[in-house]
Structures are given as structure tokens and as C-alpha cells.
Amino acid sequence: MGIERQVTEEEMSVSPFARLFSLPGLDVFNIVTIGCKSECNPSTIVEGLKNTLINHPRFSSILVTGYGEQKGKAKWIPTKVKVEDHVIVPDIDPNIENPDEFLEDYTSNMALSPMDMSKPLWEFHILKLKTSHAESVAVARFHHSLGDGMSLMSLLLACTRKTCDPEALPTFVVPKKTKAKNVCFALVAWFWFIVRVMFHTCVEVIKSMIFICRARDISAHIMGKPGATLSSNKFIHRIISLDDVKMLKNAMNMTVNDIVFGMVQAGLSQYLHQRYDHLETSPKSRKLIDEQRLHGVVFFNLRPNRDIEDLANMMAKGSKCRWGNSIGYVLIPLEMKSNDDVFEYVRQSKTMMDLNVFCASDRHIWVCGGGKQALKNLIARIFGSTTIIFTNVVGPSEEISFFGHRISYIAASTFGVPQGLVINIQSYVEKLIINIGVDVDVIPDPHHLCDLIVEALHMMKSAAPQKTFHAPEV
Numbered sequence: 001m002g003i004e005r006q007v008t009e010e011e012m013s014v015s016p017f018a019r020l021f022s023l024p025g026l027d028v029f030n031i032v033t034i035g036c037k038s039e040c041n042p043s044t045i046v047e048g049l050k051n052t053l054i055n056h057p058r059f060s061s062i063l064v065t066g067y068g069e070q071k072g073k074a075k076w077i078p079t080k081v082k083v084e085d086h087v088i089v090p091d092i093d094p095n096i097e098n099p100d101e102f103l104e105d106y107t108s109n110m111a112l113s114p115m116d117m118s119k120p121l122w123e124f125h126i127l128k129l130k131t132s133h134a135e136s137v138a139v140a141r142f143h144h145s146l147g148d149g150m151s152l153m154s155l156l157l158a159c160t161r162k163t164c165d166p167e168a169l170p171t172f173v174v175p176k177k178t179k180a181k182n183v184c185f186a187l188v189a190w191f192w193f194i195v196r197v198m199f200h201t202c203v204e205v206i207k208s209m210i211f212i213c214r215a216r217d218i219s220a221h222i223m224g225k226p227g228a229t230l231s232s233n234k235f236i237h238r239i240i241s242l243d244d245v246k247m248l249k250n251a252m253n254m255t256v257n258d259i260v261f262g263m264v265q266a267g268l269s270q271y272l273h274q275r276y277d278h279l280e281t282s283p284k285s286r287k288l289i290d291e292q293r294l295h296g297v298v299f300f301n302l303r304p305n306r307d308i309e310d311l312a313n314m315m316a317k318g319s320k321c322r323w324g325n326s327i328g329y330v331l332i333p334l335e336m337k338s339n340d341d342v343f344e345y346v347r348q349s350k351t352m353m354d355l356n357v358f359c360a361s362d363r364h365i366w367v368c369g370g371g372k373q374a375l376k377n378l379i380a381r382i383f384g385s386t387t388i389i390f391t392n393v394v395g396p397s398e399e400i401s402f403f404g405h406r407i408s409y410i411a412a413s414t415f416g417v418p419q420g421l422v423i424n425i426q427s428y429v430e431k432l433i434i435n436i437g438v439d440v441d442v443i444p445d446p447h448h449l450c451d452l453i454v455e456a457l458h459m460m461k462s463a464a465p466q467k468t469f470h471a472p473e474v
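Just so we're aligned, residue 1 is where the sequence shown starts under full-length UniProt numbering, counting upward by one.
Following this line, the structure appears as C-alpha cells:
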């Protein structure tokens, strides 16, 4: 790249995941779409980023993967950042015929375009485009070497403020803790829970290792191409009512995650049967679809929500803050069997989520598994052997603004992974945003898949008054 380097004490070492994603052919990006309730002012956003984001060392440094005698040793090299070069304002016809479709095409092309490695690896695109859910849109692209999706989302939220209090950071819903009436019973229940979790965790870890080492969803109809990371991707989103999901959660005595994952499983099962039943008309072929088991990777955050306060202080005052990959994951089998009872998908999801408690971070794998090669091999096996990536992120419970622009919705996704389907769920105030990233060679009609997931929620909501719910025992 011809970057002139001067060795200073400010150089930072590169984390295991950042090293992994700096390797050729592993360009993974996080794409975040922010819908605003007013027209974006680029100069205001530039000034806001100057006072916040670039104060984070990763966002004001260049990733250099090797130089001179230290070839192969990646480093973050601090550099002077010209924020204007990272904020792009394309010229868009305000009277464009289909703005929602234009946004989908724009984010797809944005994901495929190469990123200039001679600059810090992030950019914002300001689209003066009125869509169905926003008056204008900001689309951010972050290289995955900057941090995992949860870190980047936390950092982005640390740049926002409540609209009702411009000085206050966003607040999140904290789960209510139930007080046990009987201390002895609570201790016994807690002990039994720990024993059960340890047993199932050991079983699932063994099953996961066997699957990673030997198996692959080779029979899956929506499996991505082996080793493929760059393909014709498309990103679409739907916005539904969070209150509807909470109503079902309370009725079934489950969690929001159980309901959402059940919706996804129900919609995906319906999609596969509608798409392939007419092609595979024999009873045997249909039975194979029913018995087919896909595997998904479910990522979740291991950080406390308080992290955004630390990040905000770091950007404002230059204080230190914990940064890195603190995400957990579980491997979840997905049954594609067609069920007449839509609630059966939710029960299956709860059972699977309760049994799978295996999680890890990059540092655990790095320390316990033998370094970069072990991490690379494990990540390659996990992503190369599964079909779906699923995340569910709890967002702010009150309306927030992004440098003075009131936010209508936030939709995040990942690009560059071999899976044919990436589903990210993000809550925001009273909304739930379902964002789907697909390989169109694998899923050519993603809008229909998204419609079926939303339809599953409506079916559950319609049937809820006539049903008596019982949480399944695990």
C-alpha cells in the first residue's frame, strides 16, 4: 500500500479476530442502516463524528498487516483522520420511483465495493432518500477487524442521546428479578439448575465438536457455496410491533428470544415447503424436507449494557475502555418439519435454547486452542458447516437521536460470511426490526421469506386467545 510508518509507543497490537479478518479472502463487514425522522445534515454528522467516533483508537488507526523485519505482525497505526473522506453523500434523485428498492440495491452494492485499506476501516453514507419508514437514511459500513457486531453497535449507540434529554445516553430494559419467598427452595432450585446446565452443556459441547469436525448441512436447500464469502447479497428489513411479541411472550411464559426464534423457524419451514414441494412431488422427497435438519449459529452479547457509558466517556474524555470480542454462540439444530400448530415452533425453539449453553470468545479459543491457526480452523468449520446466522439485540427503550437526528429504526447485518441467510433482530422503543441478509443465488425471493416470518407472528397472535399455553419442561 506504500504506507510510510514511524514506530511509536502508540502502536496497538491486533486482537485474534482482527488478525483473522485481516487475512486475504476474509473481508467481513458490518452494515448498519439508520432511518431518521428528518433529512440528514451531513455537516452536522461530520462534526459529531469528529467529537466522538474518531476518539476511539481503532477508528483513527490504519490496519497494517506486515512491514520490514516484522512482516506478518499486524499493528494498528494511529493516523490523522479526515472525517470528510469517510462521510459520503451520493447524488440521488428525490423523485426516485421506488426508494425502498433503491436502498436495498445501494446497501448491496456498498457491501460488495472494496474498502480502502490505507485509511481507517469505516465509512458513513448519507442518503437523502425518503423511504417507507424514514425521511432520510444513514448507512454505516465497518470492517469486522474493528470489532464484533455487538461492540460496534454499542459504540454507535454511545454516539446517540435521548431525544427527551439531549445529554443522556440511551437506556435499556433491564429484566426484573423475582424475589424468592422460600430461601431453602430457592437454593435447591438454583443447585438443580446448575447441575442440569452443566450436564446439558457437556452434552452439547461434545455434539457441537462432533458436528464441527465431521458434519455439514450438505443436503440443505439454502446452504451457501463452500468457502464462498463474496456473493450477490441483498439486505431487506421489516418493522413489526414489539408489543405483539411481548403479548405472546407473556401468554406462553417464555422470552422474547423464544418467540422471535420460533417465528423465524416457522417462516423458514413454510418457505422451504412452498418453494420445493411443487418440484419434489413424491412423498419420499417431501418426507426428506420434513426430516431435514439445518444448523444455525446464534450469537449473543456477553457484555453489560453499561458498556456504552464507558465507551461514551472514552470518546469524550479519552479514558480507557474495555474493547474486543465478548460474544457467545450456540449451535442450534433447526427442524424444517411442517407443523399444523404454529406454536410448536416456539416450543421447539425454547427447548433448543435452554439446552444449548455453550459459548466462547476469541480469546478463549486463542488461549485454549493453540493460537491463530486454531481460531481460523474453528471459525472456518463453524461458518462452513452451518446454514444460518441469527442474532437478537436489545435496543434502546426510549427514542434516541444521532447527532440531532431523531432515529426511526436501526437495522444491522453482516456481509462476507459463507452462510446463505443472516437474520438480525433489533428492538427499538416499541418496534422490532427484522433484518435479513441473503445470498440471492440461494434465496432469490427474500421478500417472500420475510413475509412468511411476519405472517407466523400474525398467526400466533390470532390463535393466542383460543390457546392455553404451557412452557415445555426441559
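We treat Cβ as the ideally placed atom computed from N, Cα and C, and that holds for glycine.
Test item: CB-CB of residue i and residue j under 8 Å
i    : j    : result
T171 : E399 : no
H44  : F403 : One point to set straight first is that residue 44 is Thr, not His, in the sequence displayed. Taking 8 Å as the Cβ cut-off, T44 and F403 qualify as a contacting pair.
I453 : I434 : yes
V260 : I425 : yes
T414 : V28  : yes
K50  : V83  : yes
T387 : L311 : no
R141 : I31  : yes
M110 : H143 : no
V394 : S427 : yes
G35  : V139 : no
I92  : K119 : no
G267 : V346 : no
D100 : S132 : yes
D258 : E430 : no
I389 : V256 : no
Extent of the continuous beta strand (DSSP E) to which residue i belongs
i    : result
D439 : K431 to D439
G35  : F29 to C36
N392 : I388 to V393
S408 : H405 to F415
N95  : Careful: N95 lies outside any beta strand (DSSP E) and carries neither H nor E.
L421 : L421 to Y428
Own chain partners of residue i with C-beta closer than 6 Å, once the 5 adjacent residues on each side are dropped
i    : result
L157 : P170 and I308
E455 : none
G227 : Confidence in G227 is poor, its pLDDT being 45 and thus under 50, which makes the residue's placement too unreliable to answer from.
V438 : K234, L421 and P446
Y271 : L449 and L452
G149 : N30
R238 : I434, C450 and V454
K461 : D244
I436 : I236, I423, P446 and C450
Start-to-end residues for the alpha helix (DSSP H) that takes in residue i
i    : result
L248 : L242 to M252
P99  : P99 to L112
M275 : The residue you asked about is not Met; residue 275 is Arg in the sequence shown. Looking at the DSSP string, the run of the alpha helix (DSSP H) that includes R275 is V256 to Y276.
T44  : P42 to N51
I453 : P446 to A463
S397 : Careful: S397 lies outside any alpha helix (DSSP H) and carries neither H nor E.
A158 : G149 to A158
Residues near residue i by beta carbon distance below 8 Å, same chain, minus five either side
i    : result
K37  : A134, E135, H405, R406, I407 and S408
V188 : none
A464 : M247, L248 and A251
S108 : S232, N233, K234 and F235
S401 : T160, R161, K162, T163, P166 and I407
Q265 : L334, E335, Y345, Q348 and S349
Residues near residue i in its chain [Cβ-Cβ closer than 7 Å; skip 5 each side]
i    : result
L54  : According to the sequence provided, residue 54 is Ile. The question's Leu does not apply to it. Hits under 7 Å: S60, V81 and V83.
P42  : V87, V89 and I126
L152 : N30, F142 and L146
M459 : V342
C40  : I126, K128, S136, A138 and H405
V46  : V83, E84 and V87
F102 : I96 and L129
C368 : Any answer about C368 is weak, because its pLDDT of 47 lies below 50 and its placement is not dependable; what the coordinates show is given next. Around C368: no qualifying Cβ.
Short CB-CB distance (under 8 Å) between residue i and chain D
i    : result
Q265 : Considering every chain present, this structure includes no chain D. It has just one protein chain.
Below 8 Å, can you find three or more Cβ-Cβ pairs linking the segment 73 to 83 to the segment 328 to 342? no
Is it true that the segment 87 to 104 meets the segment 53 to 65, where meeting means three or more beta-carbon pairs spaced less than 8 Å apart? no
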